[in-house]
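As you go down the protein sequences, you meet chains X and E in turn. Letter by letter, the first sequence follows residues 1 to 474 of the working numbering. Letter by letter, the second sequence follows residues 1001 to 1495 of the working numbering. All C-beta atoms, glycine included, are put in the ideal place defined by N, C-alpha and C. Reading through the structure tokens given below for one structure.
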Amino acid sequence: MEFKLPDIGEGVVEGELIQWLVKEGDVVQADQPVVEVMTDKATVEVPAPVGGKITGITAKEGDMIKIGQTLAQIDGAAAGAKASTPETKAAAPSEKTIEKSEKPSGGEGAGRDQTSANGSAAPSKAASPNAHSAPSSVGSYSSPASLAPSDVPAAPIVRSMAQKAGVDLSQVPATGPKVGAQARVLEEDLLRFLNQGAGAVQAGSPVYVAQGAAPSASPAKKTKPIPANFMRDTSGVEPQDERQPVRGLRRVIAQAMVRSKYTAPHYSYVDKFECSALVEMREEAKKIGEQYGVKISYLPFIVKALVGALKEFPTANASLEESDKGMELVLKKHYHIGIAVATPDGLIVPVIKNADRKTILQIAQEINELSAKVRAGKATADELKGSTFTITSMGNIGGLFATPIINYPEVGIMGVYKVQEEALVKEGQIVIGKTMHLSLSLDHRVVDGAVGGYFCNAVIERLQNPARLLMEMI
Amino acid sequence: MTKQFDVLVIGAGPGGYVAAIRAAQLGFKTAIVEGHKMGGECLNYGCIPSKALISTGHTIDKIQEGEKYGLMFEKFRVDLPKLIDWKAGIVKQLTGGVAQLLKANGVTVFQGTGVFEGFSADGRYKKVKVISGVDSYDGSKKAPGVDDVLEAERVIIATGSTSAEFPHLKINGRSVLGSKDALEVRDTPKRIVVIGGGVIGLELGSFFIKLGTQMDVVEFAPTLLSGTDAECVDVIQKRLVKKGVKIHLESKVTAVEEKGKGKTLVHVERKDGTKSTIECDWALLTVGRKPRTANLNLERIGVKVGERGFIQVNNRLETSVQGIFAIGDVIGGAMLAHKASKEGLVCVEGFKNPNSTMDVRALPWAIFVDPEIAGVGHTEESARAAGWDPVVGKCPFAANGRALTTGDATGFVKLIADKKTDRLLGAHMVGPEVSNLVQEVAMAIEMGATSDDVARTVHAHPTLPETIMEAAESVHGMAVHIFERKKPKATEQHA
């Protein structure tokens, strides 16, 4: 039967094939994970719908696969004698497997039986653990140098680059000299093609420098030549840049960032507030949390303060949708707060659902669990979607503040930064206090600058004075 | 004693040593196993030594026709043993160079025959035993060394090919010589019979003709150099006949009788049943090549071989066993050193980037007969079969000033282009130095050039490559130095 990418749910329409967990010729059992597919939300292991032998793999690693697209064939009937010794001539099938294969095979169930029987049969000594199916099924060797009309004209270096990046040259818009109706694909055509979607559409376009624009003349000063021991010879072998295909999470992030920046006109608003009271309260909360084994950071308080402010400014908890009906502002009635988490593979945003209806302790526990799951690559698609506003914390890195990019289609994102001790002037006296920076990036189509400023004040009001926060606490 | 490597290459010919050096350059811990001599067939018994003799053959020709140029020689003779020693010197220099390059690049060299033993417990490493003490080329005994067992994540089989024989007709080094033996002949033979009118037979045979040897060629097919452009073959066939060579087409050798020292009888039977016997010093058996896989123990490890024993691979040169690759003659196809080298490079680059596969559009080749034949890409027939609409442009060397000054203006250059797009598809040429001319067209094809691109590229005068430019013009019926009746124009460039 054809093995198609099943509906992964949650409105996912396509995903990127990250890796095959099995090879051509492998015999799999029903529900055994066979391929890893990454959607814009999460990486999913897709199980085999039935047991059988994997043949005719058509989808390659790195391919974008639509739901319902065929990935390979699963041969239920072939899960017989040959399967235990994949394609190896030298391997003699054991008695056990022959017996099994002679059983009348009755569709999927029978195929599965045979599979498990074969799985337990000891592989014959000569069977190579590496044997995959005949080369013909993984694409046979085509003798070089038979030019076909379908071969796109391009220089060897362009073809080699395309091959390494996994690009089909016939898909690349060509601008080189014409060969008949077909233009030659130039290196810059390929680079432009590769850069598309990663936001660097401008790469490769020339930068013009005005001729004759000399630096302004400085007053003549007597200087001495730089002595030789301050200089190094940089001629000789130039190090070569390395090119890596952009795949998986990196590609998803790249595409999401481009969409956000090109769709939502961002502005950022930054403020600083005194957080001594917040620090005190968190110290107390930390002790309570320890009793239940829950680590409590500043984030749960910030989430709560944010939710309070969002309720006051409903346009910040919204999304702007454009359809054939025109433009619509969707005011969200859920308060699902995304928390940006850095992982070795890139940025992932797990979501605290219904933050308005959860306690500080609950939120703290959820943040801890979700970030651990995300870092381990175990978060489910469901846990990574639906956020209505996102918080990104740089507290453990440092810095003053950043201008974060909105997690589109949300309307805003809030950056929170480290707590630092500072000399503050209060009623004419210098006192030592603790401060924190906040930065908000907002979509100007929805939230004007003044509103953004008031919104930021509303967040700060709650964090600066925790009593205010408690007034509306659930 | 076990040693572990990232990449292990079996066979140090032009496929294997190139693959090993590139693997080392890319940072892989690399080893190479060679059971005979560095450089393989190409450097030791093929391309290089035969060309040393053939080049000298050209000089002999020049001297013998010296009178034509006003060069008068009085006592000219060929000292064959001295020539053979000179040739050996070149081979030694080149093979020594290969060993030095391997060493300089940090490739560990093992002397011995590589035999697959199996896999490590987790299947990641392939075990290859290196058996010293026996020469992998001819099976002769050698001084034994240490029998290492090597383990490597990836193994490249580059063991090449060896002369094919017939059950009734085997190379014995006395009455029936192989190509390797023919390169070591120290007594000029009076008469030889070349069995198999292919590339190797005619190249070596042509050298002996220049020494004054009388030659017969017995070929089973209806043409010499079967598979090569018929017009090109026609030129050299005529020259062979003119030099007194007897060509027996559609004929086979039924037996070779050894009649004592320097006397051999070759029994030939034609397709129509006519039988004849040729008396000669010795016969040269050049009836093709077969893959050299006997020592490898391929069955044990599960590497599949296909038709005629060639190892099957995919476009990444990977065999039926993951992590085991094969390149060069041992996988069949064109038996060319440069094909093996290219496959070696592609194969190793594929270890870094799995997308890297063979992507060669122009594989040039040359046959060093007299005059030379060279080609690249499509012939008119193969282009048509591939779905092109081919047009041919041709320029004879007789129209080229430089060719005339070399004293031999035989032959022509023929270009094949697509009528609709003008894209250059192939070139076939016969004549002086064509082995050096073909590369321009190979480059043009790889670049996706049109015949008009070549025609519009200035070619220095007076040089032989001008014929390529003229042939390119001729594709459009616009050659200047040959009169052409109007052809239907391939493109409108000149309109």
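Residue range of the unbroken beta strand (DSSP E) whose run includes residue i
i: CYS1395(E); result: 1390-1396
i: SER1251(E); result: 1251-1258
i: MET1429(E); result: 1424-1431
i: GLY1273(E); result: Per DSSP, GLY1273(E) belongs to no beta strand (DSSP E) and is neither H nor E.
i: GLY491(X); result: Here chain X has residues from 1 to 474 only, and residue 491(X) is not among them.
i: LYS1051(E); result: Counting along the chain, LYS1051(E) falls outside any beta strand (DSSP E), though it belongs to the alpha helix (DSSP H) covering 1047-1064.
i: LEU469(X); result: Looking at the DSSP string, LEU469(X) is not in any beta strand (DSSP E); the run it does join, the alpha helix (DSSP H), is 466-471.
Residue i vs residue j beta-carbon contact at 9 angstroms
i: VAL1130(E); j: VAL1033(E); result: yes
i: LEU1424(E); j: VAL1392(E); result: no
i: GLU36(X); j: VAL46(X); result: yes
i: LEU5(X); j: GLY68(X); result: yes
i: GLU1484(E); j: GLY1431(E); result: no
i: HIS266(X); j: HIS444(X); result: yes
i: ILE430(X); j: ASP356(X); result: no
i: VAL1441(E); j: PRO1390(E); result: no
i: ALA316(X); j: PHE389(X); result: yes
i: LYS1142(E); j: VAL1134(E); result: yes
i: PRO177(X); j: ARG192(X); result: no
i: ASP26(X); j: LYS53(X); result: yes
i: GLY1205(E); j: VAL1217(E); result: yes
Nearest-angstrom Cα separation, counted from residue j out to residue i
i: PRO1014(E); j: ALA1340(E); result: 6 angstroms
i: ILE157(X); j: ASP1359(E); result: 11 angstroms
i: ILE337(X); j: ILE391(X); result: 7 angstroms
i: THR1228(E); j: LEU1202(E); result: 13 angstroms
i: GLN1439(E); j: VAL185(X); result: 22 angstroms
i: ARG1270(E); j: ALA1366(E); result: 30 angstroms
i: ILE1200(E); j: ALA1158(E); result: 21 angstroms
i: LEU320(X); j: TYR408(X); result: 10 angstroms
i: GLU1151(E); j: TYR292(X); result: 53 angstroms
i: ASP31(X); j: VAL1155(E); result: 35 angstroms
i: GLU1209(E); j: VAL1330(E); result: Here residue 1209(E) turns out to be Ile, not Glu, going by the sequence shown. Distance between the alpha carbons of ILE1209(E) and VAL1330(E) is about 32 angstroms.
i: ALA198(X); j: ARG251(X); result: Confidence in ALA198(X) is poor, its pLDDT being 37 and thus under 50, which makes the residue's placement too unreliable to answer from.
i: GLU1343(E); j: ALA42(X); result: 39 angstroms
i: ASN1105(E); j: ALA1012(E); result: 14 angstroms
i: LEU470(X); j: LEU361(X); result: 14 angstroms
Local conformation of residue i per DSSP, three classes
i: MET436(X); result: strand
i: ASP271(X); result: strand
i: THR403(X); result: coil
i: LEU306(X); result: helix
i: LEU1177(E); result: strand
i: MET257(X); result: helix
i: LEU1169(E); result: strand
i: MET1478(E); result: coil
Residue(s) in a DSSP beta bridge with residue i
i: TRP20(X); result: VAL35(X)
i: PHE3(X); result: ALA72(X)
i: VAL1008(E); result: Note that residue 1008(E) corresponds to Leu in the displayed sequence, not to Val. DSSP output for LEU1008(E) lists ALA1031(E) and VAL1155(E) as bridge partner(s).
i: TRP1086(E); result: DSSP lists no partner for TRP1086(E).
i: ARG1191(E); result: GLN1214(E)
i: LEU1437(E); result: Paired residues: none, contrary to the question.
i: PRO1291(E); result: SER1161(E)
i: CYS1280(E); result: THR1264(E)
i: GLY1375(E); result: TRP1365(E) and HIS1428(E)
i: MET64(X); result: GLU16(X)
i: ILE352(X); result: ILE337(X)
i: LYS1003(E); result: LEU1150(E)
Endpoints, the alpha helix (DSSP H) within which residue i is located
i: SER160(X); result: 156-165
i: VAL1413(E); result: From DSSP, VAL1413(E) is part of no alpha helix (DSSP H) but of the beta strand (DSSP E) over 1412-1418.
i: GLY1106(E); result: First-last for GLY1106(E): undefined, no H or E at that position.
i: ILE1468(E); result: 1466-1475
i: SER276(X); result: 276-291
i: LYS1238(E); result: 1230-1242
i: GLY1401(E); result: 1401-1405
i: VAL425(X); result: Premise fails: VAL425(X) lies in the beta strand (DSSP E), 420-426, not in any alpha helix (DSSP H).
i: LEU1298(E); result: 1298-1301
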